[in-house]
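Trainee: Numbering (my numbering), first residue to last: 19 to 176. The structure under discussion is supplied below as structure tokens; questions concerning it will follow.
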């Protein structure tokens, strides 16, 4: 666990901080994530993705739960969103990590609206319904954009 913390702790803190928008809360989220990783290690299934993706997924979901429980009020702006993606955390479904120049190139290949959907979902932690409201697009369209964009990103990354 110590090696995992030393190797991924700062990045996990960045994931939690970008979603929770509060340093102290992000630290609590990362602490809870490591407790959950430790207590649920036996539930990790390598056939569903990398261990690293599983660890980031736990952290991301805890941070999203924190936000959804009303501990933080969403205040999204395009500039903040774009700035955050330059430090983008791992995208659960793609098992990517911050610092990867390839993800930035792949994101740039997406059309603007689908790209914003991915950023709102994975950087800002918005639900599909929230993204639809932010973009003024139908919910079904947002879901389709996200699904197609994730497929395109997976293909681009391999």
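Don't be surprised by glycine CBs; every beta carbon is placed ideally from N, CA and C.
1. Looking only at C-alpha atoms, which of 165, 151 and 77 sits nearest to residue 46?
2. Specify the secondary structure class of residue 64 as computed by DSSP and reduced to three states.
3. Closest by CA to residue 137, which one among 22, 23, 27 and 36?
4. Distance, Cα to Cα, residue 120 vs residue 53?
5. What's the C-alpha gap between residue 174 and residue 74?
6. Shortest alpha-carbon distance to residue 30 belongs to which of 61, 72 and 168?
7. Residue 174 lies in the alpha helix (DSSP H); which residues open and close that run?
8. Let's test the definition: count the other Cβ atoms within 10 Å of the Cβ of residue 23 and tell me whether it reaches 16, buried, or not, exposed.
9. Tell me whether residue 126 is buried or exposed, calling it buried when 16 or more other Cβ atoms sit within 10 Å of its Cβ.
Mentor: With the structure as the only source:
1. Residue mapping note: residue 46 aligns to position 28 of the chain shown, counting from 1. Among 165, 151 and 77, the Cα nearest to that of residue 46 is on 77.
2. Reading the chain shown from its first residue, position 46 is the one you call residue 64. Helix at residue 64.
3. Here residue 137 is taken as the residue at index 119 of the chain shown, counted from 1. Answer by Cα proximity: 36.
4. In the chain shown, counting from the first residue as 1, residue 120 sits at position 102. In the chain shown, counting from the first residue as 1, residue 53 sits at position 35. Using only the alpha carbons, I get a separation of about 31 Å.
5. Numbered from its first residue, the chain shown carries residue 174 at position 156. Numbered from its first residue, the chain shown carries residue 74 at position 56. Going by the C-alpha atoms only, they are around 21 Å apart.
6. As a working note, residue 30 is residue 12 in the chain shown. Cα-wise, what sits closest to residue 30 is 72.
7. Translated into the one-based positions of the chain shown, residue 174 becomes position 156. Residues 157-175.
8. Numbered from 1 along the chain shown, position 5 holds the residue referred to as residue 23. Exposed, since its Cβ has fewer than 16 Cβ neighbours within 10 Å.
9. Residue numbering aside, residue 126 sits at position 108 when the chain shown is read from its first letter. The residue is exposed, with fewer than 16 neighbouring Cβ atoms inside 10 Å.
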